[in-house]
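A.B. asks: What follows is a single structure, and I will ask about it in a moment.
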Amino acid sequence: KSGFISIIGRPNVGKSTFLNRVIGQKIAIMSDKPQTTRNKVQGVLTQDDSQMIFIDTPGIHKPKHKLGEFMLKVSKNTLREVDVILFMVNAEQKIGKGDEFILELLAGNQTPVFLVINKIDQVHPDELITIIESYKDKYPFSEIVPISALQGNNVENLLTKLEEYL
Ligand code: GDP
Ligand code: MG
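Below, the structure written as structure tokens:
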């Protein structure tokens, strides 16, 4: 099995931390260098019977200028072509305008979207339930997976679920 995966979410939710943990190299940080290619491969995870190719989709935020509008359009097209979208949020933060903008952008997309709630090491289980509730009705998520990218909690489970969608 092999497939393309895009991780989207507001700044600082932990996208790079997750990638670095999964790929086991500092590839996500390297991708901060200027790139000419629009849809950049951030990293590849090769396991016994699967290969996951993580694709960067920059510009998933409200555009402020023409270039921003163009990037958003490119990113939207990319999101249609990947096999799974990981929409990552921070368990410490309430759903915000940035999250809602992304969810509006995804509306009508046929690609499965996982809600990945990161930084669960920072919240009480009761708070986690509240945050799941606040997101659940905003989008028909295929899966809801709480993780800690920093500490590694439940990351293996997320990868197992991802495999099922490749
Ligand atoms: P990005 O902007 O979405 O790529 O976010 P980063 O991966 O750069 O992470 C932003 C900050 O959140 C960094 O200081 C990370 O160490 C921290 N962070 C990421 N994941 C976790 C997590 O699971 N738990 C905690 N406590 N901090 C995290
Ligand atoms: Mg990052």
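Heads up, UniProt numbering is the position in the sequence shown plus 8, with the first residue counted as 1. Backbone N, C-alpha and C fix where the C-beta goes; we use that ideal spot for every residue, glycine too.
1. Alpha carbon to alpha carbon, how far is residue 118 from residue 85?
2. According to DSSP, is residue 54 helix, strand or coil?
3. Spell out whether any CB of chain C is found under 7 angstroms from the CB atom of residue 101.
4. State the Cα-Cα distance for the pair residue 161 and residue 49, rounded to the nearest angstrom.
5. Say yes only if the C-beta of residue 1 is nearer than 6 angstroms to one or more non-hydrogen atoms of the ligand GDP, and no if none qualify.
6. Here's the rule I'm using: 16 or more other beta-carbon atoms within 10 Å means buried, otherwise exposed. How should residue 75 be labelled?
7. If we count the other Cβ atoms within 10 Å of its Cβ and call it buried at 16 or more, is residue 98 buried or exposed?
8. Can you tell which of 96, 13 and 92 has its C-alpha closest to the C-alpha of residue 20?
9. Ends of the beta strand (DSSP E) at residue 28?
10. Alpha carbon to alpha carbon, how far is residue 101 from residue 125?
11. Output the distance between the C-alpha atoms of residue 70 and residue 106, rounded to the nearest integer angstrom.
12. Identify, in the order they occur along the chain, each residue of the same chain with its Cβ nearer than 8 angstroms to the Cβ of residue 13, setting aside the five sequence neighbours on each side.
13. Under the three-state reduction of DSSP, which class applies to residue 123: helix, strand or coil?
14. Under the criterion of a Cβ to heavy atom distance below 6 angstroms, does residue 97 qualify as lining the ligand GDP?
C.D. replies: In terms of the structure at hand:
1. In the sequence shown, counting from the first residue as 1, residue 118 sits at position 110. In the sequence shown, counting from the first residue as 1, residue 85 sits at position 77. Roughly 12 angstroms between the two C-alpha positions.
2. Position 46 of the sequence shown holds residue 54. Correct three-state label for residue 54: strand.
3. Of the chains in the structure shown, none is chain C; there is only one protein chain.
4. Looking up residue 161 in the sequence shown gives position 153. Looking up residue 49 in the sequence shown gives position 41. The straight-line gap from Cα to Cα measures roughly 25 angstroms.
5. With the chain covering only 9 through 174, there is no way to say anything about residue 1.
6. As a position in the sequence shown, residue 75 is number 67, starting the count at 1. Per the 10 Å Cβ criterion, exposed.
7. Position 90 of the sequence shown, counted from the start, is the residue given in the question as residue 98. Buried: at least 16 other Cβ atoms inside 10 Å.
8. On the sequence shown, position 12 is the one that residue 20 refers to. Comparing Cα-Cα distances from residue 20 to each of 96, 13 and 92, the minimum goes to 96.
9. What you label residue 28 is simply residue 20 of the sequence shown in a count that begins at 1. Counting along the chain, residue 28 falls outside any beta strand (DSSP E), though it belongs to the alpha helix (DSSP H) covering 23-31.
10. As a first step, residue 101 must be located in the sequence shown, where it is residue number 93. As a first step, residue 125 must be located in the sequence shown, where it is residue number 117. Their backbone Cα atoms lie some 10 angstroms apart in a straight line.
11. Position 62 of the sequence shown, counted from the first residue, corresponds to residue 70. Position 98 of the sequence shown, counted from the first residue, corresponds to residue 106. Their backbone Cα atoms lie some 8 angstroms apart in a straight line.
12. As a position in the sequence shown, residue 13 is number 5, starting the count at 1. Closer than 8 angstroms at the Cβ level, and outside the excluded window around residue 13, lie 60, 61, 62, 63, 90, 91, 92, 93, 94 and 170.
13. Locating residue 123 in the sequence shown gives position 115, where the first residue counts as 1. Strand at residue 123.
14. The residue given as residue 97 occupies position 89 in the sequence shown. Every heavy atom of the ligand GDP is 6 angstroms or more from the Cβ of residue 97, so no.
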